[in-house]
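Asker:
Residue numbers (this note's numbering): 519 to 779.
(1) Excluding five sequence neighbours on each side, which residues of the same chain lie with their C-beta closer than 7 Å to the C-beta of residue 738?
(2) List the endpoints of the continuous alpha helix (DSSP H) containing residue 770.
(3) List, from N- to C-terminal side, the beta strand (DSSP E) runs of 3 residues or more that fit wholly inside the stretch 587 to 630.
(4) Between the Cα of residue 769 and the Cα atoms of 700, 717 and 688, which residue gives the shortest distance?
(5) Can you list, in chain order, the stretches of the beta strand (DSSP E) that have 3 or more residues and sit fully within the stretch 685 to 737?
(6) Mind reading off the beta-carbon distance from residue 594 to residue 757? Whole number of angstroms is fine, and I expect it under 8 Å.
(7) Alpha carbon to alpha carbon, what distance is there between residue 682 and residue 701?
(8) Is residue 665 helix, strand or coil when you go by DSSP?
(9) Identify which residue in 779, 773, 776 and 764 has its Cα closest to the Cα of residue 637.
(10) So what's residue 750 in DSSP terms, helix, strand or just coil?
(11) Enumerate in chain order the residues of its own chain whose CB-to-CB distance from residue 654 is below 7 Å, with the five nearest sequence positions on each side excluded.
(12) Starting from residue 653 and walking both ways along the beta strand (DSSP E), at which residues does that stretch end?
(13) What residue does the alpha helix (DSSP H) around residue 558 start on, and which one ends it?
(14) In this structure, how does DSSP classify residue 544 when only helix, strand and coil are distinguished?
(15) Can you tell me which of 591, 642 and 575 puts its alpha carbon nearest to the alpha carbon of residue 724?
(16) Take residue 694 and list the residues in its own chain whose beta-carbon comes closer than 8 Å to its own, dropping the five residues that flank it on each side.
What follows is the structure, encoded as structure tokens:
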């Protein structure tokens with residue numbers, strides 16, 4: 519705990535945790551995004567853990583305040599660029615590319631170039647012909663794919679708790695009377711009484727857009743969820759060889775977590 523506290527203090531420009539705790543707060547008690555990113559990266563480097571886990575811990579401990587879902591997404595995407603991907607460029611994994619195919623024109627992260635080329639789109643992993651993936655001259659904005667954080671639906675459990683799940687049916691959040699907690703995406707959920715899909719309720723197959731997206735965001739807002747689920751931590755695993763699905767990446771993250779324990 520002391521190591522984590524001192525890492526947070528130094529990341530925010532203080533000598534140690536005691537110095538941080540005794541420092542007067544700014545008028546609005548909130549650091550700007552650039553300072554927040556620097557803090558997340560510094561703590562991640564000091565402790566050797568992912569930026570997603572760090573941002574969640576700093577938010578829950580109120581070191582980062584004034585957090586909204588949009589701000590959490592922005593900070594995470596920028597932290598990925600600085601620590602996970604590095605500078606983009608033609609053929610470099612992690613570069614935000616433009617995917618153009620019949621009826622499609624959207625950004626995505628390059629995972630592996632070849633025939634086929636693998637890209638992480640907003641809605642998930644896609645395989646495209648190499649000529650359908652273009653590296654723009656001017657860098658496109660980083661983003662956190664909806665596949666890794668936007669709810670697809672939720673399970674209601676026998677004890678009344680609600681478990682929010684992703685498009686790949688990975689648990690993200692557990693909400694009950696005592697609050698909401700972040701869940702490991704590989705956990706098996708028992709005692710499910712009912713299952714709800716936002717796309718079914720919205721009468722659409724477009725789970726990440728339109729009315730279904732609005733309902734998913736409202737679900738998070740009702741539970742005051744402004745952080746990101748642990749599922750976003752699989753982004754680094756998506757770049758590994760032979761990883762073709764989010765499930766593959768989750769399996770790798772689970773293995774890495776077990777080794778570190």
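For glycine and all other residues, C-beta sits at the position ideal for the given N, C-alpha and C.
Answerer: Short version:
(1) 587 and 669
(2) 764 to 778
(3) 614 to 619 and 622 to 630
(4) 688
(5) 689 to 694, 697 to 700 and 710 to 715
(6) Not quite, the Cβ-Cβ distance comes to about 16 Å (not below 8 Å), so this is no contact.
(7) 9 Å
(8) helix
(9) 764
(10) helix
(11) 616
(12) From DSSP, residue 653 is part of no beta strand (DSSP E); its letter is neither H nor E.
(13) 551 to 565
(14) Note that residue 544 scores 49 on pLDDT, short of 50, meaning its location in the model is unreliable; the coordinates nonetheless yield the value given after this. It is coil, neither helix nor strand.
(15) 642
(16) 677, 678, 679 and 680
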